[in-house]
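Remarks on the structure that follows.
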Amino acid sequence: MKAVLKYKTLYVMMIPILAYFLLFSYYPLVRGFIISFQNFRLIGNRPFVGFDNYLFVLKDPTFWTAFQNTLVIGGFTLAIGFIMPIILALSLNEVLSVWFKKLTQMIVYLPHLFSWVVVGGMWIMLLSPDTGIVNQILQLLGSAKPISFMSSTIYARSIMVFTAVWKDMGFIVILYLASIVSINPSLYEAARIDGANRWQLVRFVTLPSLASTMKVVIMLNVLSALRMFDQIIVMRNGAIASKVDVIMMYTFQKGILEFNIGTATAAGFIVIFATLILTFITRLIIRYDDGGDK
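Sequential numbering from 13 applies to the sequence shown in the working numbering.
Written out as structure tokens, the structure is:
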């Protein structure tokens with residue numbers, strides 16, 4: 013109690029922050045969990061239906077198609093989005109020209125600043141069969157006819173993965189470059205004295221020193237793997253919907269388009285539970301809580 017009185021000013025300053033999280037985070041979460049057990053209506057009775065909403069979702073073939081799409085798109089985005097920034101960061105670290113390195117960093121990071129409305133619209137235009145620059149280049153290289161990338165189920169998932177990695181890669185590269193700069197130069201000096209070449213410096217000094225940052229990047233990517241929505245709703249269309257509609261799109265369709273709030277909320281909480289399980293498993297596999305590099 014003495015500690016509370018001693019630091020009472022700090023506790024008073026925390027009240028607005030706690031109120032914000034209680035009002036805008038925890039209350040909606042609890043309220044949504046209750047709604048997932050109801051036959052929710054805006055007007056009239058809202059009877060409790062137990063686990064019927066959850067059972068409906070789990071028996072719905074559309075949900076499992078969306079779940080499969082989420083695993084495929086999210087899994088490849090997670091894997092490629094983990095490897096490519098490391099390669100790019102290591103490559104930029106080897107560049108001696110300061111102005112070229114800064115220019116490349118700016119160009120790579122720029123897409124991260126734009127919303128998916130801008131990025132998605134840009135790639136739809138670039139991949140257009142009529143005026144898209146990609147098809148124009150392919151025709152110059154000898155392609156017989158333009159390819160309808162955005163209406164082909166063959167390319168649909170690959171495009172979603174590529175654009176997702178392309179958009180966020182710059183941000184992750186900045187994280188890796190910041191970690192590389194903080195590596196103790198004496199480690200490189202000691203390795204050079206032992207006769208290490210440039211590849212061995214990267215393999216035995218740089219990469220082990222990036223282990224903590226890699227863990228953070230993996231956790232961030234895992235947390236967002238099942239919650240893809242902005243990209244899909246901007247870039248999808250009827251022709252490729254069966255290949256790219258993810259769980260959050262299923263939730264949107266049930267809740268907003270069909271106004272089945274109870275079912276949509278149940279699907280949302282299934283995503284939350286799946287994310288918690290996936291995150292817990294990932295933490296165990298990568299030993300996230302071990303801290304430091306070994």
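All C-beta atoms in this analysis are idealised placements derived from N, C-alpha and C, irrespective of residue type, glycine included. On a predicted model such as this, the values are computed, not experimentally measured, just so you know.
Problem - Other residues of its chain near R239: CB distance less than 8 angstroms, five sequence neighbours each side excluded - result: M260, V283, T287
Exercise for the section: Look at the alpha carbon of M25 and the alpha carbon of A31, and state the distance between them as a whole number of angstroms. Expected result: 11 angstroms
Problem - Counterpart residues of Q50 in DSSP-defined beta bridges - result: F60
Exercise for the section: Mind reading off the beta-carbon distance from I136 to M162? Whole number of angstroms is fine, and I expect it under 8 angstroms. Expected result: 6 angstroms
Exercise for the section: Out of K114, F88, W178, point me to the one whose CA is closest to W128's CA. Expected result: Out of K114, F88, W178, the CA that lies nearest to the CA of W128 is found in W178.
Handout entry: CB of G274 within 8 angstroms of CB of N65, strictly
Key = yes
Practice task
Decide yes or no for the touch test of the stretch 110-118 against the stretch 196-212: beta carbon pairs closer than 8 angstroms, at least 3 of them.
Solution key: The stretch 110-118, when compared against the stretch 196-212, does not touch it at the 8 angstroms Cβ threshold.
Problem - Close-in-space but distant-in-sequence residues of the same chain around S191 (CB under 8 angstroms, 5 per side omitted) - result: Within the same chain, and ignoring the five residues on either side of S191 in sequence, the residues whose Cβ sits closer than 8 angstroms to its Cβ are S221, L222, S224, T225.
Practice task
Consult DSSP for Y121 and reduce its assignment to one of helix, strand or coil.
Solution key: Y121: helix per DSSP, three-state reduction.
Handout entry: Residue from S164, D257, R295 with nearest C-alpha to V246
Key = D257
Practice task
For the stretch 263-278 and the stretch 46-54, state whether three or more C-beta atom pairs, one from each stretch, are separated by less than 8 angstroms.
Solution key: yes
Exercise for the section: May I have the straight-line CA-CA distance separating S103 from I297, to the nearest angstrom? Expected result: 28 angstroms
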